[in-house]
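Step one of this worksheet: look at the structure below.
Residue numbers (the working numbering): 21 to 476.
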């Protein structure tokens, strides 16, 4: 069976080429607002021209695009269908630090090239401009609020409770992400042997020996159990909790080693870096703590270096899905962390937090969990690790859930006909339709029937 057709389109503009990252920071300056205005208008024009069955909107970045698409399609064509996929609902594209007065909202409407009525009625949350709110209000208006999902079932439930902008929705679906099988390590010797080989390679690598980059080093230790964190050091990942219990860990468990790797991404990451540097430089812990506060390609140490780690830290405050626990689990490293969001889907040693922002509460639970992990016998540890390597997250299951989301978004709606007449009852939308000549539908991608693509 042939795969569905994919057509890639490139948007060309100096603002796109000259940006310093994939996206600019969340709105807070006129420059950022102009960038997102241009980006969303361009995507909206493409939706109108390409006429897709459904537009999948990732987070807030293109959440205003359906409104521009609605304007570009005109009142005689049905409103475009939208599925909003929340990869991280914490980031909403909001100007949350300022309550916008009428004069400021008028200026904002000029920057976005939208009627102020649309801004006031559909893009404000708690007195502040909110780009995610724009997409959610569009879905509420045209699809009765159906068609919003998050990237795991538990995270969908948590987000619906936590984030006020999601409260009016009838539901937030859970759509567990897949993990491609080509990410799984290739078959090889037994897990115990692969772990021994990987640990020898780790200890022998220049970056993990004395004088290597970063702080501290690791040296061979009989019966060593290595805990690792790999990723950006930010508040969401609970990095400060790792820093707060790190010294207790190496003091309490003599065969425990730490490797904390990744770039600091906020003040919590900077705090972690400063605190762990002190521990890594302490002669008492020589050879047991390695700190690399930079973006580091761990694969350069050894192709299968992840087998070297016994445990993977995940004390996250908020984790939409969590690929790292699967990634390390497939290499036999058990997650030691919190059951929050998408975590808890692979074997590991977990704690269930009541308040993810209470340092004393989390550190108490975290220490108990580390104690339990270190108390596992070698046989029990290996048995659980081998079980983790067998877990699967197939693409086919994700596609089936995605199709269900698409069908829900396309079948739910307030419109009984094929035009936007029901929308024109609102003055702001009447003004929106009056601002631009409709864009004709002229899709470049040939339409090809397949079971997955059929969502009528």
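Every residue, glycine too, gets a C-beta built ideally from N, C-alpha and C.
Quick caveat: nothing in here was measured; it's all calculated off a predicted structure.
Burial state of residue i, where buried means 16 or more other Cβ atoms lie within 10 Å
i	result
residue 3	Since the first residue shown for the chain is 21 and the last is 476, residue 3 is missing from the structure and cannot be characterised.
residue 81	buried
residue 426	buried
residue 449	buried
residue 338	buried
residue 29	exposed
residue 42	exposed
residue 454	exposed
residue 473	Confidence at residue 473 is low in this model, with a pLDDT of 46, below 50, so its placement is unreliable and the value that follows should be read with caution. Looking at its Cβ environment, which holds fewer than 16 other Cβ atoms inside 10 Å, residue 473 is exposed.
residue 422	buried
residue 35	exposed
residue 51	exposed
residue 437	Residue placement at residue 437 is poorly supported in this model, since its pLDDT is 40, which falls under 50; the coordinates are not used for a value here.
Contact under 8 Å by Cβ, residue i with residue j
i	j	result
residue 353	residue 248	yes
residue 149	residue 115	yes
residue 194	residue 170	yes
residue 211	residue 355	no
residue 112	residue 151	yes
residue 234	residue 312	yes
residue 132	residue 429	no
residue 285	residue 253	yes
residue 459	residue 85	no
residue 351	residue 205	yes
residue 451	residue 135	yes
residue 239	residue 261	no
From the options, residue whose alpha carbon lies closest to that of residue i
i	options	result
residue 415	191, 48 and 199	199
residue 345	337, 362 and 338	362
residue 168	261, 108, 131 and 221	108
residue 120	406, 36 and 147	147
residue 393	413, 371 and 196	371
residue 207	69, 134 and 327	327
residue 367	340, 411 and 34	411
residue 403	444, 418 and 349	349
residue 444	33, 94 and 89	94
residue 243	369, 273 and 407	273
residue 63	185, 379 and 33	33
residue 314	342, 395, 282 and 400	282
residue 357	58, 268 and 332	332
residue 259	379, 103, 241 and 305	379
residue 268	178, 239, 421 and 305	305
residue 196	202, 175, 179 and 77	175
residue 413	158, 159 and 201	201
residue 377	141, 71, 255 and 364	255
residue 321	225, 291 and 400	225
Neighbourhood of residue i by C-beta distance below 7 Å, restricted to the same chain and skipping five residues each side
i	result
residue 374	381
residue 214	208, 324 and 327
residue 185	112, 145, 150, 152, 153 and 156
residue 178	361
residue 230	237
Cβ neighbours of residue i in the same chain (closer than 6 Å, five flanking residues each side left out)
i	result
residue 308	270 and 277
residue 329	246, 248 and 353
residue 61	88
residue 227	233
residue 257	336
Cβ-based neighbour list, residue i, same chain, cut-off 8 Å, excluding 5 preceding and 5 following
i	result
residue 265	383, 386, 387 and 390
residue 139	125, 128, 129, 132 and 149
**Message:** With a threshold of 8 Å, are at least 3 pairs of Cβ atoms found where one atom belongs to the region 95-114 and the other to the region 158-176?
**Reply:** A contact is defined here as three or more CB-CB pairs under 8 Å, and the region 95-114 meets this definition with respect to the region 158-176.
**Item:** Segment contact flag, the region 206-219 with the region 297-304, C-beta cutoff 8 Å, min 3 pairs
**Value:** Contact fails between the region 206-219 and the region 297-304, because fewer than three Cβ pairs, one in each stretch, are under 8 Å apart.
**the region 182-193 / the region 126-134 touching (three or more Cβ pairs under 8 Å)** = These segments do not touch.
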